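A.B. asks: Residue numbers (our numbering): 163 to 1150. This is the structure, below, for whatever I ask next.
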């Protein structure tokens, strides 16, 4: 029997260049030379690599052979023509469109539910349809029929896996009928048929030209049969990438069986980088001994000792003891270096530095190989520091592009109104591009500021109501903002509200929801959303969904639709129509296969990143997959190991990892640990003579040693210091002068978050409003009940406030009302009473929550606290002067509409349970027989002394506004650099 023409190019050789050199040496002498040949390749990226290799090796020029891709999912008729498919054969049915297929599978999942199981609908069905499609494809690839699912004995498996398989059987049984109704077939099945048709044609009439299958590692039976036919043809060859030529036969056999057998307890070692090649050879009916070495070399080859080194490095665990007898590995590790960075940000900086240094040498190329998309994006961003746009072959998910992000924002807003999404949508770069953009953004900023207070009623109507209320009240906070927003918001909300109305109509046809989103996008952006590569891809998605009209669930819940869109957009990659720098590349693992650069950087070698964590199959347990003869999820780790081995064959390699990733500690990859154990500590690259990790860490650091800076002590001139101060501002001045300076003199105050939940400040204001309205209405029992009823239905309260705050605060409010009703010898005189007092050039002003009049004419000053009240000690220490200063103003006749009178009581009414007394609230006074301040008059005089002292030093003097030693976080901690000095001593 003729020996099959099967070759292998070892990992230390550059596959594409060695392949091109070998084919030129064999076939370039004929009349047409290479041009009469055909090369079968696994992917379009491999096709580009081989084309480039022929260009490099062609010298003055040559006619290249035809190149056909058989590994990609999008195998079509154009490839069939390249493979000489029989023209007179019956045409194969077309492959079903991927989106139409997913919609139909989602509909199938919704319609067919096994007895006793819960129905799956909406976004969950759409997501499961993706997993179901993968299972169907794998059944096609492995040529397993539906009967294989029916014949399984699942008695040993958990109940939920049995239920899952029952659902899967039901769905797979109905799927052929659904496909037949569309007149199409699955892509995987069509590929199998097409490859078998080509194989059968070549078997009957072998082509006169040479045929080479190169770089193909897919072990699918249809591919293996085609490769077996090619290897047996007179002018056919199969060239495998990276088959281990030095691996001992015992190790090769230890990789395990390549056929699943339920009665065989031995399991294949699918995580090994050679397993899938062993499986391919077995299905081709060939042995490893029949594989010949490819005899061509290239200028990109690594050291020959690298191949046995990598074989030893990735040996099965049971054979790792042979590392002890490895001997001198220096020849194998020439050009191999590594770097461990503090975090993934510094790792990206370091990789960018290496790539930037590489292009200093004319003609030198560099490539980052990583499965970590976040690292790839960071490196690409870091290279822009030097104005370098790098070719990232994996592209960018459509969901992360401006058009995709805008669509998801609009869909999320339409399904569930949220002020954060609203402001993000209206401020998106694609919205209102052009001359009107600046004026548009001014309105968006006004809206942003107006929506930052708690208490916003949900929905579009809530925004409209807030704008209208603030615009109508000249004294309201944000009145000017609301007045400027009114017409703009009215037009915008009416237009968008009408456009997105289908999302409020309950279950709706998906096409209707998609049409509403398309109209909304165009209303906001015109045609700008459809421009550029991402915009065109988004338009194609809309077109594909329109062509799939009638497929999928008839109606979907609008709340599920954004998640469905997000899944689609996350799986679509956008690649720019033009490349980046001609000598710098970023490759994923698939893109790096068969390619090589002068400098190969293997980045992200942390466990969970390389290899990636195994993704569970939602439909089939690992044991069930094994019984069906499907690949285990761990086989992907074996492919990642093979990619790692192939990349290690380059002449110059840098491996990198980070000690922390995403802010969390990272564990070194199993590949890194093996490399460190076998080769020892790798030398660190040192561009310009500086260790790479140090250079990456210091790239953005300020020059020189860090110099301690003392805490800020602003001391504005006397003319710039205020002469007017509020009673609460004076307390802030007493506790933290810097906070007073930032708030009162610089006018800085923290912004509430957008869509803020009711916080303590808002709840306190709401309580004050309730008491104010109740007292102004006569403080009757009927009025109080009406106020409580209004509080219960206040639309500004969120679910948490209704569940926890309302049940606690209502008894406290009733306690306070009972205190007013049962009080003898006093009655409420004024609420929210404002007043001021001027003395020695300083005007003191404030507002009292309530002032009561005793029968003897004296006054009581009351302040409501929704939490705990300040202690009497704080008043004595002159840190809490609020009530004393309000009493000072009242005693002097400074309160509006209230004549001067003695003040008999200064009271805090705390609206939280009194644990000692057992009541729902508590009245605390700043004075009393057991405190340092015996009477209200003494407390007022004491607070007046605090006013004189503080005003004399800070407002009439030159004292600096230094930060106070206040425990706990404050609004201005970042501004005062509090963490630099607090608790460490001045200037440390």
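Where is the CB? At the ideal position from N, CA and C, for every residue including glycine. Small disclaimer: the values here were computed from a predicted structure and weren't measured.
Below 6 Å CB to CB, which residues in the same chain sit around residue 175 once its five sequence neighbours on both sides are set aside?
C.D. replies: These residues qualify, in order along the chain: 463.
A.B. asks: Look at residue 526 and residue 760 and say whether their C-beta atoms are less than 7 Å apart.
C.D. replies: Yes, the Cβ-Cβ distance between residue 526 and residue 760 is below 7 Å.
A.B. asks: Opposite residue 1005 in the DSSP bridges: which residues?
C.D. replies: According to DSSP, which records beta bridges pairwise, residue 1005 is partnered with 886 and 1000.
A.B. asks: With contact counted as at least three CB pairs below 8 Å, one residue from each stretch, are the region 932–939 and the region 907–918 in contact?
C.D. replies: Taking 8 Å as the limit for Cβ pairs, the verdict is that the region 907–918 does not touch the region 932–939.
A.B. asks: Does the Cβ of residue 622 have 16 or more other Cβ atoms within 10 Å, making it buried, or fewer, making it exposed?
C.D. replies: Under this definition residue 622 is a buried residue.
A.B. asks: Taking the C-alpha atoms as reference points, what is the distance between residue 263 and residue 301?
C.D. replies: Roughly 16 Å between the two C-alpha positions.
A.B. asks: Thinking just about the alpha-carbon of each residue, which of 1007, 1024, 973 and 1102 is nearest to the one in residue 1046?
C.D. replies: Checked all of 1007, 1024, 973 and 1102; the closest Cα to residue 1046 is 1102.
A.B. asks: What residues in its chain sit with their C-beta under 8 Å from that of residue 170, if we drop five residues either side in the sequence?
C.D. replies: Cβ neighbours of residue 170 beyond the five flanking positions: 401, 402, 403, 404, 405, 407, 453, 454, 455 and 456.
A.B. asks: Classify residue 579: buried if its beta carbon has 16 or more other beta carbons within 10 angstroms, exposed otherwise.
C.D. replies: So residue 579 counts as buried.
A.B. asks: Would you call residue 966 buried or exposed, if buried means 16 or more other Cβ atoms sit within 10 Å of its Cβ?
C.D. replies: Flag for residue 966 reads exposed.
A.B. asks: Can you tell me which residues form a DSSP beta bridge with residue 232?
C.D. replies: Bridge partners of residue 232: none, in fact.
A.B. asks: Hey, residue 544 and residue 743 are a contact pair by Cβ (cut 8 Å); roughly how many whole angstroms apart?
C.D. replies: With a Cβ gap of about 13 Å, residue 544 and residue 743 do not count as contacting.
A.B. asks: Could you tell me whether the Cβ atoms of residue 794 and residue 784 are closer together than 7 Å?
C.D. replies: Yes; because the gap between Cβ atoms is below 7 Å, this pair is in contact.
A.B. asks: If you drop the 5 nearest sequence neighbours on each side, which residues of the same chain put their C-beta closer than 7 Å to that of residue 930?
C.D. replies: Once the five neighbours on either side are set aside, the close Cβ partners of residue 930 are 1011 and 1026.
A.B. asks: Which same chain residues, not among the five before or five after residue 815, have their C-beta less than 6 Å away from its C-beta?
C.D. replies: Taken in chain order, the residues that qualify are 498 and 762.
A.B. asks: Touch check for the region 726–746 and the region 504–512: three-plus C-beta pairs under 8 Å?
C.D. replies: Because the criterion of three Cβ pairs below 8 Å is not met, the region 726–746 and the region 504–512 do not touch.
A.B. asks: Could you tell me which uninterrupted beta strand (DSSP E) segments, each at least 3 residues in length, are contained entirely in the region 1081–1126, listed from first to last along the chain?
C.D. replies: Within the region 1081–1126, the complete beta strand (DSSP E) runs of at least 3 residues are 1084–1087.
A.B. asks: Give me the Cα-Cα distance between residue 1121 and residue 611, rounded to the nearest whole angstrom.
C.D. replies: Roughly 35 Å between the two C-alpha positions.
A.B. asks: Within 10 angstroms of the Cβ of residue 239, are there 16 or more other Cβ atoms? Answer buried if so, exposed if not.
C.D. replies: At residue 239 the pLDDT is 48, less than 50, meaning the model places this residue with poor confidence; the figure from the coordinates comes in the next sentence. Burial call: exposed.
A.B. asks: Identify the continuous alpha helix (DSSP H) that holds residue 903 and give its terminal residues.
C.D. replies: Note, residue 903: premise wrong, no alpha helix (DSSP H); not H, not E.
A.B. asks: What residue range is occupied by the uninterrupted alpha helix (DSSP H) comprising residue 437?
C.D. replies: Counting along the chain, the alpha helix (DSSP H) containing residue 437 begins and ends at 437–446.
A.B. asks: Which partner residues of residue 763 appear in the DSSP bridge assignment?
C.D. replies: Note: residue 763 sits in a beta bridge opposite 530 and 816.
A.B. asks: Where does residue 171 fall in DSSP's three states?
C.D. replies: The answer is strand: DSSP assigns residue 171 an E or B state.
A.B. asks: Which partner residues of residue 1070 appear in the DSSP bridge assignment?
C.D. replies: Paired residue(s): 1025 and 1086.
A.B. asks: What does DSSP give as the partner residue(s) for residue 402 in the beta ladder?
C.D. replies: Per DSSP, 170.
A.B. asks: Where does residue 718 sit, in a helix, a strand or coil, going by DSSP?
C.D. replies: Strand at residue 718.
A.B. asks: Which ranges does the alpha helix (DSSP H) cover as unbroken runs of at least 4 residues, wholly within the region 341–407, from first to last along the chain?
C.D. replies: Counting only runs of 4 or more, we get 349–366 and 383–394.
A.B. asks: Just the Cα atoms here: how many angstroms apart are residue 450 and residue 440?
C.D. replies: Their backbone Cα atoms lie some 8 Å apart in a straight line.
A.B. asks: Pop quiz: residue 1144 and residue 903 are said to be a contact at Cβ under 8 Å. What is the actual Cβ separation, rounded to whole angstroms?
C.D. replies: With 8 Å as the limit, residue 1144 and residue 903 do not qualify as a contact, their Cβ atoms being about 17 Å apart.
A.B. asks: So, for residue 1094: in the same chain, excluding its five sequence neighbours on each side, which residues have a beta-carbon less than 6 Å away from its beta-carbon?
C.D. replies: Contacts found: 1038.
A.B. asks: Once you ignore the five residues that flank residue 1148 on each side, which residues in its own chain have a CB closer than 8 Å to its CB?
C.D. replies: Low local confidence applies: a pLDDT of 45 at residue 1148 is under 50, so the model's placement there is unreliable, with the coordinate-based value given in what follows. Hits under 8 Å: 872 and 873.
A.B. asks: Residue 203 bridges to which residues according to DSSP?
C.D. replies: The partner list for residue 203 (beta bridge, DSSP) reads 231.
A.B. asks: Using three-state DSSP, classify residue 1141 as helix, strand or coil.
C.D. replies: Helix at residue 1141.
A.B. asks: Only counting runs of 3 or more residues, tell me where the beta strand (DSSP E) segments fall wholly within the region 718–805, in order along the chain.
C.D. replies: The qualifying runs are 746–749 and 761–764.
A.B. asks: So, are the CB atoms of residue 679 and residue 515 less than 7 Å apart?
C.D. replies: No, the pair does not count as a contact, with Cβ atoms beyond the cut-off.
A.B. asks: What first and last residue would you give for the alpha helix (DSSP H) that runs through residue 551?
C.D. replies: From DSSP, residue 551 is part of no alpha helix (DSSP H); its letter is neither H nor E.
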